[in-house]
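What follows is a short report on a single structure.
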Amino acid sequence: MTLTTNGFSRGINGHASINGHASINGVPTYDFNHPLLGPLTGIRRNGDVVQFRSIPYGQVPRRFAHARWIDKLSPKQRYCVDYSYACPQRGQSMDAFGGPIHGEEPRRYDEFACLNLTVTAPAMLLDPDCETKVGVMVYVHGGGFAEGAHHGGPHDMTRMDLVDEAILIDEPPCNFALFDQRLAFLWVQKYISGFGGNERQITAFGESAGCASLCFHLSSTIPLFNRVILQSGSAATISATSCTSKNAEFLALLEFCGIDKSDAQRLEKLRNVPVEKLVEAAHTLTNSAFSPLAHESFFPTTPTYSNHHRIVAECPWIEEVILGDAVYEGYLFSSALQSIQYEDFRTHVHNTLGEERGDELLQVYEIHTDIDANLFWTRLCVFTGDIMFSLPVHHLAQSLSKSGKPTYRYSLSLRNPFPGSPYSFVLGHHFIELAYQFMTLLDRFPSPVQRDVSVGFATRWLAFANGDAPWSLYVCGPGGEVGADEVLAVADEREGWVVRSRLEDLTKTRGGDGGVRRYLQWEVMSGILESLGDGADAAVAALAFPSLMGLVRT
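If you want it as structure tokens, here you go:
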């Protein structure tokens with residue numbers, strides 16, 4: 003997987019002198035002496051921002067082995083003007099974001115040299131006479147724990163005038179990826195002060211699998227950051243799985259690679275399999291995201307649907323939380339879900355929940371016997387997105403509020419404005435925020451409202467990282483009852499960023515096409531799952547996308 007860390011959070015506009023006089027393709031370089039790392043050469047991105055690309059922070063000694071810390075850089079590694087390697091993977095299309103970005107460099111891949119980071123710093127902070135220390139933001143992007151890189155796509159932080167530490171992580175199984183992420187955060191804590199960052203004021207934010215990663219770290223005991231922004235994901239979205247399940251994955255991988263499972267040299271033979279074969283296996287052997295191993299070496303208590311909200315709410319080292327989702331998360335699965343028949347789904351729900359509970363759930367989602375096939379497909383997508391994304395977010399928001407931890411909630415009702423992809427003009431699909439939050443695509447948005455929403459993302463996220471309230475607190479009663487203070491921010495395609503109470507939101511969106519928050523459905527589903535007691539986690543797994551794929555008729 004990849005971890006992209008996006009750093010300093012205060013947009014400081016200053017003009018430090020250019021210490022170097024060379025240039026790369028006409029872009030001036032910048033020579034800087036880090037107090038611990040020593041001399042580094044970066045590149046000026048604009049008048050105010052300097053970028054140090056692909057600084058290596060770890061070395062992978064061999065396949066399926068823990069990374070080793072790098073604290074001394076070679077002369078070549080100090081010349082940080084080009085992007086280095088990404089973890090081997092299939093390439094990703096930029097169609098959902100309107101096509102490639104001008105000037106974007108092609109990726110290079112290497113499984114042993116992919117632990118590197120990019121620091122994008124306000125030039126003012128690099129001046130030797132500058133004593134300012136600003137907050138740090140660390141971004142962990144998604145990709146199902148199998149795709150993505152620290153450069154390219156919409157993730158460039160230059161326009162936000164931040165320090166951007168982009169950390170690219172290899173993803174071997176058995177939690178090596180989570181330990182690599184931890185190593186990356188510890189690198190930030192040790193070295194970021196030398197770039198003008200405050201190592202005691204770190205905000206982590208992530209989307210989808212990146213968000214789930216942050217929730218996994220919140221389930222551990224090692225303090226890595228002070229504030230967190232959780233975007234469309236949780237520890238319940240991609241749950242940690244048992245050793246038995248992981249062993250089955252290992253055996254399937256051996257078979258896929260043509261290695262006898264009883265061969266005493268099977269691990270060594272896997273280490274010698276061409277990396278392209280492993281990339282192919284990653285897409286062939288799973289119909290969903292990879293998951294971590296439920297093991298006490300990382301998780302004192304394994305997070306599940308039933309307890310993840312409590313674990314995060316009780317995390318002693320996190321101070322404040324922003325969390326939210328999009329209104330149509332389940333569109334992510336629409337192509338695969340199209341083949342499922344109503345009768346098969348209804349039987350599966352009854353088998354999972356029992357007939358009475360199953361009928362209650364089907365009724366609240368308006369899935370019934372004589373439903374039109376296309377409408378069933380739509381509502382199945384909505385249901386799947388809710389149980390995997392929106393319900394855990396709703397559950398966690400209420401638990402955080404009741405714990406007394408300052409909590410800010412948001413929801414995205416933004417339409418994808420770019421033609422040319424399956425996501426074109428879809429309202430509130432999974433990962434829609436990536437088109438907006440980094441301001442990378444400001445020049446591509448067709449409307450002023452969309453450009454304002456994009457800038458609004460950056461200003462609100464930065465305000466939070468600096469200890470300011472991005473909008474009103476989300477507050478619900480001790481029993482979870484609705485109140486006037488149950489407030490959330492909505493990024494709306496027509497109105498831009500607006501703040502509403504729950505009751506105002508329901509009134510405003512009822513009967514419209516601007517995206518309706520399904521509070522009733524979430525709370526009915528939550529009550530049904532709670533009534534199952536210890537069986538709730540198994541029910542959530544059975545109703546999530548990977549299990550639903552078993553209903554597809556062959």
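Numbered as in my numbering, the sequence shown ends at 556 without a single skipped number. Ideal Cβ placement from N, Cα and C applies to all residues, glycine included.
In the structure shown, Met441 adopts coil according to DSSP, grouped into three states.
Contact annotation: Trp473 and Tyr410 have beta-carbon atoms nearer than 8 angstroms. Residues Ala98, Asn418, His431 of the same chain have their beta carbon placed closer than 7 angstroms to that of Tyr425, with the five preceding and five following residues left out of the count.
Secondary structure at Ala338: helix, using DSSP grouped into helix, strand and coil. Inter-residue distance for Leu393 and Ser528 is about 8 angstroms (C-alpha atoms, whole angstroms). Nearest to Thr442 by C-alpha distance, out of Val428, Phe427, Phe459, is Phe459. Note: Tyr330 is bridge-paired with His431 in the DSSP secondary-structure output. By the beta-carbon neighbour count (other beta carbons within 10 angstroms, threshold 16), Pro276 is exposed. Looking at the DSSP output, Ile324 bridges to Ile231, Tyr410.
Note: Tyr425 is not bridge-paired with any residue in the DSSP secondary-structure output.
Relative to Glu495, the option among Gly517, Arg502, Leu508, Glu506 whose CA is nearest is Gly517.
Annotation: the region 198 to 228 contains the following complete segments of the beta strand (DSSP E) (minimum length 3 residues), in chain order: 199 to 209.
By the CB criterion at 8 angstroms, Gly208 and Phe433 fall outside the cutoff.
With a 10 Å radius around the Cβ and a threshold of 16 neighbouring Cβ atoms, Phe427 comes out exposed. The alpha-carbon separation between Ile194 and Leu39 amounts to approximately 10 angstroms.
The residue from Arg92, Ala67, Cys213 with its alpha-carbon nearest to that of Thr286 is Arg92. Under a 10 Å Cβ-count criterion, Lys248 is classified as buried, with 16 or more other Cβ atoms of the shown protein chains found around its own Cβ. In terms of Cα proximity to Ser401, the closest of Ala315, Ala125, Arg273 is Ala315.
For Arg55, the enclosing beta strand (DSSP E) starts and ends at 51 to 58.
Of the other Cβ atoms in all chains shown, 16 or more fall within 10 Å of the Cβ of Pro294; this residue is therefore buried.
Per DSSP, Phe378 lies in no beta strand (DSSP E) segment; the continuous alpha helix (DSSP H) that holds it begins and ends at 375 to 387. Proximity to Gly332 across Glu282, Glu106, Glu278, Gly387 peaks at Gly387, based on C-alpha coordinates. Under the rule that a run must span 4 or more residues, the alpha helix (DSSP H) segments found entirely inside the region 282 to 325 read 310 to 315. By the neighbour-count criterion, in which 16 or more other beta carbons inside 10 Å mark a residue as buried, Thr205 falls on the buried side. The Cβ-Cβ distance between Leu414 and Ala467 does not fall below 8 angstroms. Here Ser244 is exposed. Its C-beta has fewer than 16 other C-beta atoms within 10 Å.
With fewer than 16 other beta carbons inside 10 angstroms of its own, Ser264 counts as exposed.
Nearest in C-alpha terms to Ser215, of all of Pro408, Asn376, Ser241, Leu377, is Ser241. Apart from the 5 residues on each side of it in sequence, Val455 sits with its Cβ closer than 7 angstroms to the Cβ of Leu416, Tyr438, Ala493, Gly498, Trp499 in its chain, given in chain order. As a beta-bridge residue in DSSP terms, Gln61 pairs with Arg70. Per DSSP, Asn35 is one residue of the beta strand (DSSP E) stretching across 29 to 36. Ser222 is positioned such that its CB atom lies no closer than 8 angstroms to that of Ala237.
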